[in-house]
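FYI, the numbering for the sequence shown is -20 to -1, 1 to 985, going by mature numbering (1 follows the signal peptide of the UniProt record, and there is no 0). First up is the structure itself, then whatever we jot down about it.
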Amino acid sequence: MVKNFLVFSLFLFLSFSSQSQQSAVFTNDFAEFNKALELYKNEQYLAAQSLFDKIKSNSNDETVQSDCAYYIANAAVRLNQQNADQLMEEFVKKYPTSLKRNSAYIDVANFYFENGKYSHAQKWYDKVDASSLSRSEKEQFNFNNGYVYFKAKRYDDAKNYFNRVSTSQKYGSQAKYYLGFIAYEGDDYEEANEMFEEVKGEERYSEDLSYYQADMNFKLGNFEKAIAMGKEQFDKSNPQEKSQLSKIIGESYFNLGQYAEAIPYLKEYKGMRGKWNNTDYYQLGYAYYKQGEYENAIGEFNKIVDGKNAVAQNAYYHLAESYLKLDKKQEALNAFKNASEMDFSEKIQEDAYLNYAKLSYEIGNSYKSTPQVLLSFIEKYPDNENNEELKTLLIDSYITSKNYKEALDLLENNKNFADKAAYQKVAFYRGIELYNEADYNEAISFFDKSLKYPEDANFAARATYWKAESEYQLSNFEKSLAGYNKFQQMTGSRQTGEFKNLKYNLAYNHFKLKNYPEAISNFKTYVGSSSAESVRKKDAFLRLGDSYFVTSQYWPAMENYNAAIELGGENDYAQFQKAVSYGFVDRSEKKIEELITFIKKYPKSVYRDDAIYELGNTYVAQNRNEEAISAYDQLVREIPNSSFVSKALLKKALIFENSGKSNEALAIFKSVTKNFPSTPEALQAVSSAKLIYIEQGNVDEYARWVKTLDYVQVGDTELDDAAYQAAEQPYLENNQNQAKTRFEDYLKQFPNGQHVLNAHFYVGQIYFADGKNEAAIPHFEYVVNRERSEFTEQALARISELYLGKKDYKNASKYLTRLEAEADFPQNIIFAQTNSMKAAYELKQYAEAVSYAEKVLQNSKIDNSIKSDAQIIIARSAIKTNNESKAKTAYAEVQKIATGALAAEALYYDAYFKNKEGNFEGSNASIQKLAKDYSGYKLYGAKGLVLMAKNFYALKDAYQATYILESVTKNFTDFPEVVDEAKAELVVIKNAEAKTNSSVETGGN
């Protein structure tokens, strides 16, 4: 401790030699000199200096000149003139035999000493010849020299001079005081104490001595004595000394384990230069901790930033325990993690690691997956008594974090973790994961692995069920049926959640196998059960109706379509099927009535063109040709892209032909061949037109016309058919390689053949199935660029999918737009809209992306995965366009239904918006859930941690903030943008904390 020391006044006696000038003083010749000397004695230095200078110039006496030079230089020193030292040096040099030479040195040195210019004094003391000094002068010389060295912190030199006067009556006490202080500074407390004891009785030292002796006793471990002496001095001290005594007394109580007594004194300490260090915060925090005042303990411990020593490790461990006492588990996890990364105390390190591992299992971990944390602990501390418990937690953690792949790897390849029951469960969940990814073959392999160890009847039954589901998705309906039946007979199947849908799935399975009586029986059972869920129940009524319809039981079919309609929602399919059914029970008028009602009621239904076409056909069957033609015309006019247009035109032409309007029929036949080339309707139109030409006797005109149709090759028709059928046959028999070769041969031989559209489509399909996407594209493009056909819709879906796979969103968008407009199947419309939405987002067309997303959300039939995709596009687009209000609403919707990566993203933004609103604890709770449930999504884990750090700093917890940010910079280097943000935030926080904590390194180091 640096203190201001009392410097006692030292009186300098200036002697003036009279031997060489006595006669001059008392004679008139030297009256001027005497006058100058009088001025000098009266401290009128400038006047004296001027007069001495005049006398010196006019005198020829060397002694007079010498004395004048001496006083001129002395006056210059006292006047602080710039050339003072130079004048004194010139005097010594010019008058080396002057009796005032040594006196000049000591005089100047003492003058500088008295004025506190110790470095100047030292320069002149070094010139003094001490041997020529009197005893009293020598004592003063030694003391002053010692003090000058003392002020320069040259303690060894100071000690040498102080020792020379330690027995002096005049200077002894002061010398011992300073000798004691030198010993104190050198940590030689025994000698310091000895010196201080010798001067203890002197009042002028008592204040300082009490402080030093209290501090020395503290440093010697005499804590009770340090407390006593510190308290004795406490109320008499100035603020700075009181602060230091508070530290001595408080830390002494701390070391005696008297924490309640320590706290008020530790709090009173003001720090060095107004700053505490990490040890100061630790002591007060630990004292609070021992008193059970955990909030206060945290308030001190969490100010320990950048701690990298044993004190910090201890502090972080007790900080973690304090957090646990207050149920702040995320904060405790961070602090235990920090303590576990330090090895100053191996015992603390191991215990901190154990707690860190257990908390990771309990609340999740954003830094590293919970299984990795648990496994690392078990491997590092193989003899820890808690390892058996941790092994159980490890397997559970894999399941909780949905990390089934690594769990299976552990169970299969590590004998220490051989556990059949765990293996059965993990293999089952891995199978479900693959099923949800539509990898059904691989899913089946894992369900088989699960069934290999039927330890738990419940999981055995569930694995059997989902294996059957996977077979169903692969269209292996016989296998899936066997699986469903086996599940139905298994012990424990009725206790599973899957059992309630068994009859529904069995019914569908029989429906696919065209076992309609069995399908009807199971659908009826399902719709009659209390567990039937509304969406499935409605679908079951529809399929029940279809099963009756396909087996010509039209009245029961209509009853079930009506039952579906009564359940509400979209009913266009049921209404259409019901209308058609009336035609099969000889209720044609009712059929017509229902179809007309349907066409008016459902103007946007995908079955609208079916209904209009069917209405036209019904009128034809009743010979109501004018009405039939009107229906066909409506279809062509209102739905020009419908696949029924070519059929409707052909039917209209046939009506004209049969009613004798051959020319009108011929015009339509020609229109069909021109606008729908190569289609079956075009070929039938050619055949029908040929008959008209023959009937009219215009065979030559027919020949000329037919030559303009490049897809009709007169004379080669049989060869064309034969070549095409030779390719189609192996395709239908699933011999893809042979089919591809023959289709390509057909396209070379008949580039404009009547089956060329079919051939291009099938070749595209073969390449697509082989994963040869680039080769498939030209074939699908050929199909979609020709007239609409039965293949157009599927080809549009395929080519859109291929361009999406290439991330060629511009081309993908072009075909998706067409698919949306031209598709008949609802699933293709949904596919087009959802992917148009994604493509627009990727093309940074955010307004269009949102428009598509909102269109998708209007469809009540989409499942949750599509809904969450749409909401995420709205949310992301809103973020990109700085519309955070809209983004917040959209992410909230995503959070309700999303799974996997989208759920992780939504949770992060939930935390983000809560942070923006100042709900820092709520924000942290969301980040904690993100770590617990979605630890596999590292990007959002990292972003969440940076956000958590900001939350903690806003909550005045600098320790949590800085530790989390430093962990991000070390553990998430795969995400440089997140690391850069963490570093920038760290610099801001550390610079702020360094203002009050001297242990903090600024600049983010």
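Here a beta-carbon is modelled for each residue, glycine too, at the ideal position from N, C-alpha and C.
Run of the alpha helix (DSSP H) containing residue i, from where it starts to where it stops
{"i": "residue 928", "result": "918 to 934"}
{"i": "residue 349", "result": "Premise fails: residue 349 is in no alpha helix (DSSP H) and is neither H nor E."}
{"i": "residue 772", "result": "772 to 785"}
{"i": "residue 365", "result": "Where residue 365 is concerned, there is no enclosing alpha helix (DSSP H), given that its DSSP letter is neither H nor E."}
{"i": "residue 137", "result": "135 to 144"}
{"i": "residue 295", "result": "290 to 305"}
{"i": "residue 418", "result": "Looking at the DSSP string, residue 418 is not in any alpha helix (DSSP H), and its letter there is neither H nor E."}
{"i": "residue 586", "result": "No alpha helix (DSSP H) contains residue 586, which DSSP labels as neither H nor E."}
{"i": "residue 627", "result": "625 to 638"}
{"i": "residue 901", "result": "900 to 913"}
{"i": "residue 86", "result": "81 to 94"}
{"i": "residue 746", "result": "736 to 749"}
{"i": "residue 895", "result": "880 to 896"}
{"i": "residue 272", "result": "Looking at the DSSP string, residue 272 is not in any alpha helix (DSSP H), and its letter there is neither H nor E."}
{"i": "residue 666", "result": "660 to 676"}
Rounded separation between residue i and residue j - CA only
{"i": "residue 920", "j": "residue 215", "result": "57 angstroms"}
{"i": "residue 348", "j": "residue 915", "result": "8 angstroms"}
{"i": "residue 253", "j": "residue 78", "result": "52 angstroms"}
{"i": "residue 776", "j": "residue 740", "result": "13 angstroms"}
{"i": "residue 481", "j": "residue 466", "result": "15 angstroms"}
{"i": "residue 820", "j": "residue 756", "result": "24 angstroms"}
{"i": "residue 246", "j": "residue 84", "result": "54 angstroms"}
{"i": "residue 596", "j": "residue 910", "result": "59 angstroms"}
{"i": "residue 600", "j": "residue 552", "result": "24 angstroms"}
{"i": "residue 495", "j": "residue 502", "result": "11 angstroms"}
{"i": "residue 817", "j": "residue 794", "result": "12 angstroms"}
{"i": "residue 282", "j": "residue 270", "result": "16 angstroms"}
{"i": "residue 491", "j": "residue 807", "result": "20 angstroms"}
{"i": "residue 931", "j": "residue 895", "result": "7 angstroms"}
{"i": "residue 218", "j": "residue 265", "result": "27 angstroms"}
{"i": "residue 669", "j": "residue 731", "result": "24 angstroms"}
{"i": "residue 822", "j": "residue 404", "result": "42 angstroms"}
{"i": "residue 590", "j": "residue 620", "result": "13 angstroms"}
{"i": "residue 725", "j": "residue 418", "result": "35 angstroms"}
{"i": "residue 786", "j": "residue 800", "result": "20 angstroms"}
{"i": "residue 339", "j": "residue 370", "result": "11 angstroms"}
Beta-carbon contacts of residue i that lie in its chain and below 7 angstroms, excluding the five residues immediately before and after
{"i": "residue 464", "result": "448, 482, 485, 486 and 489"}
{"i": "residue 259", "result": "291"}
{"i": "residue 242", "result": "230, 233, 234 and 267"}
Sequence-distant residues of its chain with Cβ nearer than 8 angstroms to residue i (five each side left out)
{"i": "residue 459", "result": "448 and 451"}
{"i": "residue 516", "result": "481, 484 and 506"}
Anticipated Cβ contact below 8 angstroms, residue i with residue j, distance rounded
{"i": "residue 558", "j": "residue 542", "result": "7 angstroms"}
{"i": "residue 35", "j": "residue 16", "result": "6 angstroms"}
{"i": "residue 443", "j": "residue 457", "result": "Wrong, their Cβ atoms sit about 19 angstroms apart, outside the cutoff."}
{"i": "residue 409", "j": "residue 384", "result": "5 angstroms"}
{"i": "residue 616", "j": "residue 630", "result": "Not confirmed; about 11 angstroms, so no contact."}
{"i": "residue 397", "j": "residue 388", "result": "Going by Cβ atoms, the distance from residue 397 to residue 388 rounds to 11 angstroms, so no, they are not a contact pair."}
6 angstroms Cβ shell around residue i - same chain, five flanking residues per side excluded
{"i": "residue 826", "result": "857, 860 and 861"}
{"i": "residue 534", "result": "561, 564 and 565"}
{"i": "residue 268", "result": "276 and 277"}
{"i": "residue 854", "result": "830, 833 and 870"}
{"i": "residue 399", "result": "none"}
{"i": "residue 509", "result": "none"}
I'd like to know if the stretch 434 to 453 and the stretch 475 to 489 are in contact, where contact means that at least 3 CB-CB pairs between them fall below 8 angstroms. At 8 angstroms Cβ cutoff, the stretches touch.
Could you say if the stretch 966 to 985 and the stretch 935 to 942 meet the contact criterion of at least three C-beta pairs nearer than 8 angstroms? The stretch 935 to 942 and the stretch 966 to 985 touch, with three or more beta-carbon pairs separated by less than 8 angstroms.
So, does the stretch 921 to 939 touch the stretch 897 to 904, judging by three or more C-beta pairs under 8 angstroms? Yes: at least three Cβ pairs fall under 8 angstroms.
Per the contact definition of three or more C-beta pairs closer than 8 angstroms, is the stretch 260 to 275 in contact with the stretch 857 to 875? The stretch 260 to 275 and the stretch 857 to 875 do not touch, with fewer than three beta-carbon pairs separated by less than 8 angstroms.
If we count Cβ pairs, one from each stretch, closer than 8 angstroms, do we get three or more for the stretch 768 to 783 versus the stretch 744 to 760? Yes, since at least three Cβ pairs between the stretch 768 to 783 and the stretch 744 to 760 fall closer than 8 angstroms, the two stretches touch.
Does the stretch 740 to 752 come close enough to the stretch 634 to 652 to have 3 or more Cβ pairs within less than 8 angstroms? Segment contact: the stretch 740 to 752 against the stretch 634 to 652, fewer than three CB-CB distances shorter than 8 angstroms; contact not assigned.
Inspect the CB distances between the stretch 971 to 981 and the stretch 315 to 328 and report whether three or more fall short of 8 angstroms. Contact fails: fewer than three Cβ-Cβ distances are below 8 angstroms.
Is it a yes or a no for the stretch 84 to 97 touching the stretch 116 to 124, going by three-plus beta-carbon pairs under 8 angstroms? The stretch 84 to 97 is in contact with the stretch 116 to 124.
Does the stretch 354 to 370 come close enough to the stretch 950 to 958 that 3 or more CB-CB pairs lie under 8 angstroms? Cβ pair count under 8 angstroms is below three, so no.
Is there contact between the stretch 303 to 318 and the stretch 882 to 894, where contact requires at least three CB pairs shorter than 8 angstroms? Proximity of the stretch 303 to 318 to the stretch 882 to 894 falls short of the contact definition, fewer than three beta-carbon pairs being nearer than 8 angstroms.
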